[in-house]
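Working notes, structure below.
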Ligand SMILES: Cc1cc2nc3c(=O)[nH]c(=O)nc-3n(C[C@H](O)[C@H](O)[C@H](O)COP(=O)(O)OP(=O)(O)OC[C@H]3O[C@@H](n4cnc5c(N)ncnc54)[C@H](O)[C@@H]3O)c2cc1C
Ligand SMILES: Cc1cc2nc3c(=O)[nH]c(=O)nc-3n(C[C@H](O)[C@H](O)[C@H](O)COP(=O)(O)OP(=O)(O)OC[C@H]3O[C@@H](n4cnc5c(N)ncnc54)[C@H](O)[C@@H]3O)c2cc1C
């Protein structure tokens, strides 16, 4: 069996975001393997450990994505394929290119992150599946292989459901699916030698994007930050707080 | 022509359907043509009789094949309706399920996908939208080519008013091989609180610093007093103190209440992604450097086990007065 994780490199949620000239500027930001994609990498490594086969990471993104791919290889994936393109490309266009690579790779099971920590998009997994004519399951919290099918539990708008899916299929991750492992030092050393094949997106027919980002701005609401010290007299602080909420904020 | 896919619960249209109609009307004004609707699934015939008051024509896809939702089927139905209507833009709710089938639909239509949009409009041969990105920390403007698929973030758009009776047209859609590949085995109902978290005007969230499942009785009491809903952080869900349905954040629910209480919550970015659009944020934390205080209007530095009981007493006094 072959398992693929589609991954992305994104800014760490902990690092501050800057905007210059109406554009997010990632210079100086810590870039990491998207934490929702970490679940995907962990899942394909576990599948390989349990059933044998190959665990491959695939990505569509700028050259720097190689760093995130090395992290996935250090966790235990076998090799990588990176489709390179600078700048924003919409998920439908990305799906076309990724589908070509996946047709070549012919995996049985594909995992990818449930939501991207940069574009806040949830579309990629389902879009790639559609481009391949495969089924997709989003927000997967439990997964097992069963006689050529997969049985998966996944979140809906409210509640969840259990589905049986014919393979090959694409699953997007949700917290609870697994606990991603940390790369070990030997893992990091080995990852340096693992193969990453790079393909220019243009070679896969990508020219431009159907969606263009025109302008970005930091969206932080001004907060009043009226902080009361309640370490010595908690009851008095609570009284002052409730008074402020009632009389000033008028929310109680 | 603009197609709006109208969510319903089997009897009534959901709010998201009427938000979608408002968006579709605005797009139709700019692009020309009328607004058609689609209702799919159990109860669709009945709902169509209500939906027709909002659009010029309602397509209905129903029958035994359409009892259970799958992304593959819903995308297929929407594609069939878009073709029947000659729609260049499809509008749908950005619920979790909406966002999975619209991704498939966009590929079928080779369309620009504008996801989870706050507002959308058209000019010339382009559609525009605003949306949040970077875990809800950035507001961005996007432009997409036609055809386009636009999903509407819940509670962003005024609900449409009825505009006179349109027609109802059943649409026969055959399932193909792909649509038969996912079989729903079992539904698991959500175990949530009395007040729906995403609709609540007051949300009271407890974090890991509450210390135990029992300590959430205080949270519940406070929420009850204010007619609010209980929320929780992921650390609390992982500890098994509260059900996942109450989780607020990137991988939980997004809330936007009048007032949000973050009690013994550190304020991780993934948590903030679900609450940072709240009107007023109140925090209690014993650590004056907790990140949540940067996102707070009114806060108390102190032990939640001392401050919260006093807050409860103060609110009781206020309500008694
Ligand atoms: C080019 C453009 C950029 C926009 N940018 C944003 C944005 O950043 N955030 C947002 O929430 N909404 C934006 N909008 C949407 C806009 O604010 C309205 O929601 C939308 O145009 C419909 O408003 P209306 O029908 O009330 O017409 P009105 O607001 O009365 O507009 C009348 C005319 O002005 C045009 N117009 C309105 N607003 C703008 C604008 N900001 N820039 C250029 N033309 C405009 C409209 O298309 C229309 O032709 C933009 C619209 C356009 C056309
Ligand atoms: C991919 C991904 C998705 C995630 N999605 C979510 C999500 O949807 N929602 C979410 O919440 N998290 C999410 N997280 C986890 C998030 O990063 C944090 O770990 C989590 O929010 C922390 O929860 P917490 O604030 O309850 O706990 P902690 O970070 O441990 O904070 C506890 C706080 O309580 C305070 N405290 C302790 N004792 C007291 C006391 N007696 N009185 C007052 N204050 C006290 C402490 O000072 C501290 O600030 C996600 C993480 C990842 C990687």
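Chains as they are written, first to last, in the numbering used here: chain A, 32 to 283; chain B, 64 to 384. Glycine residues also receive a C-beta, built at the ideal position from the N, C-alpha and C atoms.
About 4 Å separates the beta carbon of residue 36/A from that of residue 71/A, a gap short enough to meet the 8 Å contact definition. By the Cβ test, the stretch 234 to 254 of chain B is not in contact with the stretch 188 to 203 of chain B, since fewer than three Cβ pairs between them sit closer than 8 Å. In the displayed model, residue 48/A falls within coil according to three-state DSSP, outside both helix and strand. The stretch 91 to 100 of chain B makes contact with the stretch 109 to 126 of chain B, as at least three CB pairs between them are under 8 Å. Checking the DSSP bridge columns, you'll see residue 194/B partnered with 203/B. Counting only Cβ-Cβ distances below 9 Å, residue 219/A has no contacts in chain B at all, with the closest Cβ about 26 Å away.
In this structure, residue 110/B has its CB at a distance of at least 7 Å from all heavy atoms of ligand 2.
At least one heavy atom of ligand 2 lies closer than 7 Å to the C-beta of residue 298/B.
Per DSSP, reduced to three states, the secondary structure at residue 294/B is strand.
Around the beta carbon of residue 194/B, 16 or more other beta carbons lie within 10 angstroms, which makes this residue buried.
By DSSP's assignment, residue 110/A forms a beta bridge with 87/A. In this structure, 288/B is the residue among 354/B, 288/B, 310/B with its C-alpha nearest to the C-alpha of residue 376/B.
Taken from the Cβ of residue 67/A, at least one heavy atom of ligand 2 lies inside 7 Å. Taking C-beta separations shorter than 8 Å and ignoring five residues to either side along the sequence, the partners of residue 333/B in its chain run 198, 297, 312, 313, 314, following chain order. Beyond the five residues adjoining it in sequence on each side, residue 225/B comes within less than 8 Å, by CB distance, of 116, 117 in the same chain, given in chain order.
Less than 8 Å divides the Cβ of residue 223/B from the Cβ of residue 81/B.
Using a Cβ-Cβ cut-off of 7 Å, residue 245/A is close to 204, 205, 206 of chain B, given in chain order.
Residue contact check for residue 362/B against chain A: a CB pair falls below 8 Å. For residue 141/A, there are no neighbours in chain B by C-beta distance under 8 Å, as the nearest C-beta there is about 14 Å away. Only those residues of the stretch 185 to 201 of chain B whose C-beta falls short of 8 Å from the nearest C-beta of chain A are listed: 191, 194, 195, 196, 197, 198, 199, 200, 201. For residue 169/A, the CB stays at least 7 Å from every heavy atom of ligand 2.
Per DSSP, residue 123/A is one residue of the alpha helix (DSSP H) stretching across 122 to 136.
Residue 113/A and residue 98/A do not touch by the CB rule: their CB atoms are close to 11 Å apart, not below 8 Å. Taking the Cα positions, residue 249/B is about 25 Å away from residue 261/B. Between residue 256/B and residue 293/B, the beta carbon gap of about 5 Å places them in contact (Cβ cut-off 8 Å).
Each of 109/B, 352/B, 157/B was checked against the Cα of residue 317/B, and the nearest Cα belongs to 157/B. If only complete runs of 4 or more residues are kept, the stretch 232 to 314 of chain B shows the alpha helix (DSSP H) at 279 to 288, 297 to 301, in order along the chain. Shown here, residue 86/B sits in a helix according to DSSP, grouped into three states.
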